[in-house]
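Below is one structure; the comments refer to it alone.
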Amino acid sequence: MSHGSRRMFKTTETEKKTCSTDYVRKHKRMHWILFVTMADLSSSPSPYVNVSQPVKDSIAISRAINCTISDGFLSMGLPIFYIIICVIGLLGNLLALWVFFFNQRKPTSISIYMKHLAMADLLLLLCLPFRIAYHIGQYKWMVKCYFCKIIGTFFYINMYASIVFLGLISLDRYLKITKPLRRFRIHSVKWSSGISKAVWFVTVLFMLPFFVVSSLKSDETKCFHYKHQSMLAGAMNLAAVMFIFILSFLFLVSYAKIAVKLYNMSKGKKKLQIRRVSTRAIVKTFIVLAIYVVCFMPYHIVRVPYVLSQMEIISSCQWKQFLHIANELVLCLSALNSCLDPVIYFFLSNSFRRTIIYTIKGKFNKTFPKTNGARSSFKSITDI
Numbered sequence: 002m003s004h005g006s007r008r009m010f011k012t013t014e015t016e017k018k019t020c021s022t023d024y025v026r027k028h029k030r031m032h033w034i035l036f037v038t039m040a041d042l043s044s045s046p047s048p049y050v051n052v053s054q055p056v057k058d059s060i061a062i063s064r065a066i067n068c069t070i071s072d073g074f075l076s077m078g079l080p081i082f083y084i085i086i087c088v089i090g091l092l093g094n095l096l097a098l099w100v101f102f103f104n105q106r107k108p109t110s111i112s113i114y115m116k117h118l119a120m121a122d123l124l125l126l127l128c129l130p131f132r133i134a135y136h137i138g139q140y141k142w143m144v145k146c147y148f149c150k151i152i153g154t155f156f157y158i159n160m161y162a163s164i165v166f167l168g169l170i171s172l173d174r175y176l177k178i179t180k181p182l183r184r185f186r187i188h189s190v191k192w193s194s195g196i197s198k199a200v201w202f203v204t205v206l207f208m209l210p211f212f213v214v215s216s217l218k219s220d221e222t223k224c225f226h227y228k229h230q231s232m233l234a235g236a237m238n239l240a241a242v243m244f245i246f247i248l249s250f251l252f253l254v255s256y257a258k259i260a261v262k263l264y265n266m267s268k269g270k271k272k273l274q275i276r277r278v279s280t281r282a283i284v285k286t287f288i289v290l291a292i293y294v295v296c297f298m299p300y301h302i303v304r305v306p307y308v309l310s311q312m313e314i315i316s317s318c319q320w321k322q323f324l325h326i327a328n329e330l331v332l333c334l335s336a337l338n339s340c341l342d343p344v345i346y347f348f349l350s351n352s353f354r355r356t357i358i359y360t361i362k363g364k365f366n367k368t369f370p371k372t373n374g375a376r377s378s379f380k381s382i383t384d385i
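Here it is, written out as structure tokens:
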């Protein structure tokens, strides 16, 4: 074979190898494009592509990585707001528990519910220093990751316990006002104590699955922040929101009936003093409803689209940022409930307020001797 023909043969062999390499590269590239396309199709509800749920969750997480969520203008305000709530709430609820446990003459059903409500508020407030430290420390969780899950679950246990105890106070008021001649078991001290213990047990039992399914990596440095949720965790959160909506509907119905009853009672009364008493009763009754609506309804209304965004059903990064800011704001309102609940204890009953003042001054025994008159005066404390 001549030298020229050998050169042509080598050139032909080189071209074949180059073409073969290009073919392999194109073939691999086509495989990768096909895989990405199938992955994108799997993230939408298509009947033609069947991909397992873990793969869908992985795709959702990879998409969420490209979307950076920040606290924006709340980065400075959140820790300050939580510090104010924590200080005022701790003082108010510690004082309330001191009165309930050590200076109460005769417990009633509502006073028992109030005592447990104050306990729930106090325990919720103990979670706030961790949130404050997290925000001040530039959103870095310096403790073990599982401790973040414990604090988060503990916070929501006490929040939902507070909601249920507010509901029990409202139910007690509703039965006493609309059916004054009947005495229900819920009005007895024994039953109200048992119901309160059952509320704690059921609330903890209800929140345990959320602790189990909540997603948190072992090297995670963010705690109280926007994060992706699996379909199971998201569905459980939406179920909890539906429970609150049902409870809120019952709240509104019961208070509407209470308002009608009090209005009818005062309508035929001509004496100005009786009308004033009825008006004060209506105002006291609706303060409980107002606190509930202001503190808890906005949070659970925002919670629905917020959870949908965590499940990647709402995938827009702008919407995720907006919902994160909205969620942080309404969560502050929920924590604010711990400061407003003492308003129910202290400012709606003159006798309760006087009890605290005289107790602090060391004049409790002189002002409220153990007589029937003192007991009847203290009974009005629960008449909210």
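Numbers 2 to 385, taken from this note's numbering, label the letters of the sequence shown in order.
No residue lacks a Cβ here, since even glycine has one placed at the ideal position from N, Cα and C.
What is the residue span of the alpha helix (DSSP H) that residue i lies within?
i	result
Asn104	No alpha helix (DSSP H) contains Asn104, which DSSP labels as neither H nor E.
Cys149	Cys146 to Thr179
Met208	Val190 to Val214
Lys116	Ser110 to Leu126
Gln322	Cys318 to Phe347
Asp227	As written in the sequence, residue 227 is Tyr, which differs from the Asp given in the question. No alpha helix (DSSP H) holds Tyr227; DSSP gives it neither H nor E.
Val131	The sequence as given places Phe at residue 131; Val does not occur at that position. Its alpha helix (DSSP H) spans residues Leu129 to Ile137.
Measuring alpha carbon to alpha carbon, tell me which residue in the options is nearest residue i.
i	options	result
Ala241	Ser197, Val165, Ile70 and Gln322	Val165
Ser171	Phe202, Ser112 and Leu123	Ser112
Leu290	Phe250, Lys321 and Cys318	Phe250
Ile196	Asp173, Pro181 and Phe212	Asp173
Leu125	Pro299, Tyr83, Arg186 and Ser231	Tyr83
Ile178	Tyr300, Ser255, Thr69 and Pro299	Ser255
His301	Leu123, Gln230, Met160 and Phe225	Met160
Met232	Val284, Arg355, Thr69 and Ile315	Ile315
Ala234	Leu123, Ile361 and Pro210	Pro210
Gly73	Gln105, His226, Lys145 and Arg184	His226
Cys68	Phe185, Gly138, Ser317 and Val344	Ser317
Gly138	Met77, Pro299 and Cys87	Met77
Ala282	Ile81, Pro299 and Tyr264	Tyr264
Give me the Cα-Cα distance between residue i and residue j, rounded to the nearest whole angstrom.
i	j	result
Phe207	Val214	13 Å
Leu75	Val190	45 Å
Ser147	Lys107	Rather than Ser, the amino acid found at residue 147 in this sequence is Tyr. Roughly 43 Å separates the two Cα atoms.
Leu324	Tyr307	6 Å
Lys57	Glu313	Here Lys57 scores only 49 on pLDDT, less than 50, and its place in the model should not be relied on; the value that follows carries that caveat. C-alpha separation (whole angstroms): 10 Å.
Phe287	Ile357	24 Å
Ser310	Lys321	6 Å
Ala257	Leu330	29 Å
Ser47	Ala236	Confidence is the limiting factor: at Ser47 the pLDDT is only 43, short of 50, which leaves the residue's position unreliable and the question unanswerable from this model.
Ile158	Lys262	34 Å
Leu95	His117	12 Å
Ala121	Ile259	26 Å
Leu176	Met266	15 Å
Trp201	Lys223	29 Å
Ile245	Gly363	43 Å
Trp99	Phe155	23 Å
Ala199	Gln319	43 Å
Tyr359	Tyr346	16 Å
Lys228	Leu182	53 Å
Met131	Ala97	Reading off the sequence shown, one finds Phe at residue 131, where the question assumed Met. Their Cα atoms are separated by approximately 24 Å.
Gly396	Val305	Residue numbering for the chain in the displayed model covers 2 to 385; residue 396 lies beyond these limits and cannot be assessed.
Thr280	Tyr293	20 Å
Gln105	Lys145	42 Å
Ile70	Leu248	32 Å
Arg184	Met243	31 Å
Ile85	Lys180	41 Å
Ile361	Gln230	49 Å
Arg355	Leu123	23 Å
So, residue i versus residue j, is the Cβ gap smaller than 8 Å?
i	j	result
Ala162	Thr109	no
Ile89	Cys128	no
Asp342	Ala134	no
Phe103	Met115	no
Phe297	Asn238	no
Val303	Ala327	yes
Cys333	Gly93	no
Lys150	Phe252	no
His136	Leu79	yes
Ser193	Ile187	yes
Would residue i pass as an interface residue toward chain B - the criterion being a Cβ-Cβ separation below 8 Å?
i	result
Ala121	Among the protein chains of the structure shown there is no chain B, as only one such chain exists.
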